[in-house]
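Novice:
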Amino acid sequence: MKYLIVLAIMCASLCACQKKDNTTPDAANVTFTITSPTAGQVYRSGDSVRVKATIVYPSELHGYEIRVSDSATNTVVYDAAVHGHADRFDVDNAWAIGGANAMTLKLELIATIDHDGTTAGKKMNFQYAP
Amino acid sequence: MKYFLLPLALFMGSVASACDLCGCSASNQFLGILPGQQWNFVGVQYQYNAFTGLFPSPFENRPKVHSTSIYQTMQVWGRYALGKHYQVFAFVPYQYNEHKQDSANVTRSGIGDITLMVNRTALDKQTGDWQQLLYAGVGIKLPTGKHDGMSVTDKSGLPNMQPGTGSVDFMANANYTLRRGKYGINADGAYTFTTPNKDDYKYGNKASAGLTGFYTKVWSSFTLMPQLGIRYEYALHDYDNYTRKWLNEQSGGYMCFMSVGAQAYYKQLGFKAVWQAPVSQRYSAGNVTAGHKAEAGIFLLF
């Protein structure tokens, strides 16, 4: 019986705590580099809008979201989210743009720093002129 | 006494900074009630585990994610005695894992990780009507299972879906049986020490303990052993990146099951069926709920 007691207590002791990265979440430390589209770039109907960017952080990121909206109405025209765990994301998403009306589009790239709602973001405007 | 004090000291030293309990779809190998140790055996067994999940989205203004995971294992296993005191166990599983998340389905199947264990009989004693049997040992789980590797973006959900973990893990276990006449109890405990795999993903260490009462009824060459028990399983958090200590606090947790089942023997053929119902759990930070478990198998004694 003593072997069982020893094993049970060892299990309890081994289940107690785990080391973890205690980096304090800090949105200012997230670095966004957006290479496409460029600010003010103009797209025509049927063009492929390619969002190409890198997101870098000294510790673990938990995902990112791409949101493109009409800056005048806030209507979302493209939205994508990726849940992953890394200190660097290479973003490369594309979609075909269309519509009858010209718009100033707002690109928001949002990085999730933890699961408690801490995020960092970068915004940039470009144009749609059908 | 010295065996008692060392782990107690370790336990006391770590309580103050104990982490939150969380969860993952963890499984753990345990032995439970086994055929008499005078027998070697080889058998096939089927295991079924199911979990449902309701996870908050990591992104703003998005609905919670619903998921269902079903883990099915068909495994060949056996025990072979090496001399009077040692027994070797081997487990060769085939996994079929399904994960349904909203409209997306993922299925992973293939040979799982082979486990080898060596146990030593530490006590085999008859005192009047009382019979005690204790064996304990160690084991190793080899990364023989299919493991696709994990891209950055699928680390969120797929690690537990892989038939293999990609890691070498080590186990310790002890199993005690006390019998008096037709009645008996079995207590077992097991602990799995995991190591990081090639992706530097580390599944959480796992512990399991069970207590089962059983009754033996013999009719000529047929024996029936109904059993009733309780089992506790605990998994530490996984690490998304073990080198950098990226602890996934949405993994790991505990489950406690009541179990009812039976073993039956006809000559040298054995049959086992166990059904387990969860009675208490906190898994994956409360985001995952374990369902019922079932296990059935046949084995040949030789």
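So the sequences go chain by chain: A and B.
Residue numbering for the first sequence is 1454 to 1583, as defined by the working numbering.
Residue numbering for the second sequence is -6 to 295, as defined by the working numbering.
In this text, a Cβ means the ideal position worked out from N, Cα and C, and glycines have one as well.
Here the structure is a predicted model, which means the values were calculated and not measured.
Is the Cβ-Cβ distance between B/Ile104 and B/Gly159 less than 7 Å?
Specialist: Taking the first residue of the second sequence as position 1, residue 104 of chain B is located at position 111. Taking the first residue of the second sequence as position 1, residue 159 of chain B is located at position 166. Cβ distance not < 7 Å, so B/Ile104 and B/Gly159 don't count as in contact.
Novice: Grab the span of the beta strand (DSSP E) containing B/Asp117 for me, first residue to last.
Specialist: Numbered from 1 along the second sequence, position 124 holds the residue referred to as residue 117 of chain B. Counting along the chain, the beta strand (DSSP E) containing B/Asp117 begins and ends at Thr108 to Thr120.
Novice: Below 8 Å on C-beta distance, what does B/Arg113 contact in chain A?
Specialist: By one-based count along the second sequence, residue 113 of chain B stands at place 120. Going along chain A, no residue has its Cβ under 8 Å from B/Arg113, so there is no contact; the nearest lies around 10 Å.
Novice: In chain order, what are the residue ranges of uninterrupted beta strand (DSSP E) at least 3 long that sit wholly in the segment 1512 to 1553 of chain A?
Specialist: Taking only runs of at least 3 residues, the beta strand (DSSP E) segments lying wholly in the segment 1512 to 1553 of chain A are 1516 to 1523, 1529 to 1535 and 1539 to 1549.
Novice: A/Phe1511: buried (16+ other C-beta within 10 angstroms of its C-beta) or exposed?
Specialist: The residue given as residue 1511 of chain A occupies position 58 in the first sequence. Inspection of the sequence shows that residue 1511 of chain A is occupied by Pro rather than by Phe. By the 10 Å Cβ count, A/Pro1511 comes out exposed.
Novice: Got a sec: is the Cβ-Cβ distance from B/Ser20 to anything in chain A below 7 Å?
Specialist: The residue you call residue 20 of chain B lines up with position 27 of the second sequence. With a pLDDT of only 45 at B/Ser20, under the threshold of 50, the placement of this residue in the model should not be trusted; the figure read from the coordinates follows. By this cut-off, B/Ser20 is not an interface position.
Novice: Using a Cβ-Cβ cut-off of 7 Å, state whether B/Lys57 counts as contacting chain A.
Specialist: Within the second sequence, the letter at position 64 stands for residue 57 of chain B. It does not; no Cβ of chain A falls within 7 Å.
Novice: Does any C-beta atom of chain A lie closer than 7 Å to the C-beta of B/Pro189?
Specialist: Numbered from 1 along the second sequence, position 196 holds the residue referred to as residue 189 of chain B. B/Pro189 does not count as touching chain A.
Novice: Could you tell me which residues DSSP puts in a beta bridge with B/Arg237?
Specialist: Residue mapping note: residue 237 of chain B aligns to position 244 of the second sequence, counting from 1. Beta-bridge pairing links B/Arg237 to no other residue.
Novice: If we cut at 7 Å on Cβ distances, does B/Pro51 have a partner in chain A?
Specialist: For the purposes of this step, residue 51 of chain B is identified with residue 58 of the second sequence, where counting begins at 1. At least one chain A Cβ lies under 7 Å of B/Pro51.
Novice: Please report the straight-line C-alpha distance between B/Asn198 and B/Gln243, rounded to a whole angstrom.
Specialist: In the second sequence, residue 198 of chain B corresponds to position 205, counting from 1. In the second sequence, residue 243 of chain B corresponds to position 250, counting from 1. In a straight line, the C-alpha of B/Asn198 is about 15 Å away from that of B/Gln243.
Novice: If you pair each beta-carbon of the segment 1515 to 1524 of chain A with each one of the segment 1534 to 1544 of chain A, do three or more pairs fall below 8 Å?
Specialist: Taking 8 Å as the limit for Cβ pairs, the verdict is that the segment 1534 to 1544 of chain A does touch the segment 1515 to 1524 of chain A.
Novice: Give, in chain order, every unbroken run of the beta strand (DSSP E) that is at least 3 residues long and sits entirely within the segment 198 to 251 of chain B.
Specialist: Correct list: 199 to 208, 210 to 212, 215 to 228, 231 to 234 and 239 to 241.
Novice: How many Å lie between B/Tyr300 and B/Gln40 at the Cα?
Specialist: Any property of residue 300 of chain B remains undetermined from this structure, which presents chain B solely from -6 to 295.
Novice: Report the neighbours of B/Arg237 on chain A: residues whose CB is nearer than 9 Å to its CB, in chain order.
Specialist: Here the question's residue 237 of chain B lines up with position 244 in the second sequence. Those within 9 Å of B/Arg237 in chain A are Asp1474, Ser1512, Glu1513 and Asp1540.
Novice: Beta carbon of B/Asp193, beta carbon of A/His1538: below 7 Å?
Specialist: Residue numbering aside, residue 193 of chain B sits at position 200 when the second sequence is read from its first letter. Residue numbering aside, residue 1538 of chain A sits at position 85 when the first sequence is read from its first letter. No, they are not a contact pair.
Novice: Compile a chain-ordered list of the residues in the segment 1520 to 1537 of chain A whose CB is closer than 8 Å to at least one CB of chain B.
Specialist: Residues passing the 8 Å Cβ filter: Ala1534, Val1535, His1536 and Gly1537.
Novice: Nearest-angstrom Cα distance between B/Lys286 and A/Ala1555?
Specialist: Stepping through the second sequence from its first residue, residue 286 of chain B is reached at position 293. Stepping through the first sequence from its first residue, residue 1555 of chain A is reached at position 102. Rounded to whole angstroms, B/Lys286 to A/Ala1555 spans 58 Å at the Cα level.
Novice: Report the residue from A/Pro1490, A/Asn1578, A/Thr1565 and A/Pro1583 whose alpha carbon sits nearest the alpha carbon of A/Asn1482.
Specialist: Within the first sequence, residue 1482 of chain A is the residue found at index 29, counting from 1. The candidate whose alpha carbon is nearest that of A/Asn1482 is A/Thr1565.
Novice: Please decide whether A/Thr1484 counts as near chain B, where near means a Cβ-Cβ distance under 7 Å.
Specialist: For the purposes of this step, residue 1484 of chain A is identified with residue 31 of the first sequence, where counting begins at 1. So, not an interface residue.
Novice: Distance, Cα to Cα, B/His140 vs A/Thr1486?
Specialist: Along the second sequence, read from residue 1 onward, the residue named residue 140 of chain B stands at position 147. Along the first sequence, read from residue 1 onward, the residue named residue 1486 of chain A stands at position 33. About 33 Å.
Novice: Starting from the beta carbon of B/Arg240, find every residue of chain A whose beta carbon is closer than 8 Å, and list them in chain order.
Specialist: As a first step, residue 240 of chain B is located in the second sequence; it is residue number 247 there, counting from the start. Note that residue 240 of chain B is Leu in the sequence shown here, rather than Arg. Under the 8 Å cutoff, chain A gives Gln1471, Lys1472, Lys1473 and Asp1474.
Novice: What residues of chain B sit near A/Thr1565, judged by a beta carbon separation below 8 Å?
Specialist: Position 112 of the first sequence holds residue 1565 of chain A. Within 8 Å Cβ-Cβ: Pro51 and Phe52.
Novice: According to DSSP, is B/Gly279 part of a helix, a strand, or is it coil?
Specialist: Against the second sequence, residue 279 of chain B aligns to sequence position 286. Helix at B/Gly279.
Novice: Threshold first: 3 residues or longer. Then list the beta strand (DSSP E) segments lying entirely within the segment 13 to 68 of chain B, N to C.
Specialist: 34 to 48, all fully within the segment 13 to 68 of chain B.
Novice: Relative to the alpha-carbon of B/Arg101, which residue among B/His92, B/Ala180 and B/Lys118 has its alpha-carbon at the smallest distance?
Specialist: Residue numbering aside, residue 101 of chain B sits at position 108 when the second sequence is read from its first letter. Comparing Cα-Cα distances from B/Arg101 to each of B/His92, B/Ala180 and B/Lys118, the minimum goes to B/His92.
Novice: Mind checking who B/Asn98 pairs with in its DSSP beta bridge?
Specialist: Numbered from its first residue, the second sequence carries residue 98 of chain B at position 105. Paired residue(s): B/Lys93.
Novice: Please confirm whether any heavy atom of the ligand ADP lies closer than 6 Å to the CB of B/Leu217.
Specialist: No copy of the ligand ADP occurs in the structure displayed, which carries no ligand at all.
Novice: Do A/Ser1524 and A/Thr1557 come within 7 Å of each other at the CB atom, strictly closer than that value?
Specialist: On the first sequence, position 104 is the one that residue 1557 of chain A refers to. On the first sequence, position 71 is the one that residue 1524 of chain A refers to. Cβ atoms of A/Thr1557 and A/Ser1524: closer than 7 Å.
Novice: Specify, as a first and last residue, the run of the beta strand (DSSP E) that B/Ala129 falls within.
Specialist: In the second sequence, residue 129 of chain B corresponds to position 136, counting from 1. Taken as a continuous stretch (DSSP letters only), the beta strand (DSSP E) holding B/Ala129 covers Trp123 to Lys134.
Novice: Between B/Ala180 and B/Ser201, is the Cβ-Cβ spacing less than 7 Å?
Specialist: What you label residue 180 of chain B is simply residue 187 of the second sequence in a count that begins at 1. What you label residue 201 of chain B is simply residue 208 of the second sequence in a count that begins at 1. Against a cut-off of 7 Å, the Cβ pair of B/Ser201 and B/Ala180 comes out as no contact.
Novice: Taking Cβ to Cβ, would you say B/Ile223 is nearer than 7 Å to B/Met248?
Specialist: As a working mapping, residue 223 of chain B is identified with position 230 in the second sequence. As a working mapping, residue 248 of chain B is identified with position 255 in the second sequence. No, the pair does not count as a contact, with Cβ atoms beyond the cut-off.
Novice: To the nearest angstrom, how far is it from the Cα of B/Lys148 to the Cα of B/Gly132?
Specialist: Residue numbering aside, residue 148 of chain B sits at position 155 when the second sequence is read from its first letter. Residue numbering aside, residue 132 of chain B sits at position 139 when the second sequence is read from its first letter. In this predicted model, B/Lys148 has a pLDDT of only 44, less than 50, meaning its place in the structure is not dependable; the value taken from the coordinates is given anyway. Taking the straight line joining both Cα atoms gives about 28 Å.
Novice: Compute the beta-carbon to beta-carbon distance between B/Phe74 and B/Asn33, rounded to the nearest angstrom, for a pair I have assumed lies under 8 Å.
Specialist: Here residue 74 of chain B refers to the residue found at position 81 of the second sequence. Here residue 33 of chain B refers to the residue found at position 40 of the second sequence. In the sequence as displayed, the identity of residue 74 of chain B is Ala instead of Phe. Yes, they are in contact, since the Cβ atoms of B/Ala74 and B/Asn33 sit about 6 Å apart, within 8 Å.
Novice: If we count the other Cβ atoms within 10 Å of its Cβ and call it buried at 16 or more, is B/Trp212 buried or exposed?
Specialist: Here residue 212 of chain B refers to the residue found at position 219 when the second sequence is read from its first residue. B/Trp212 comes out exposed.
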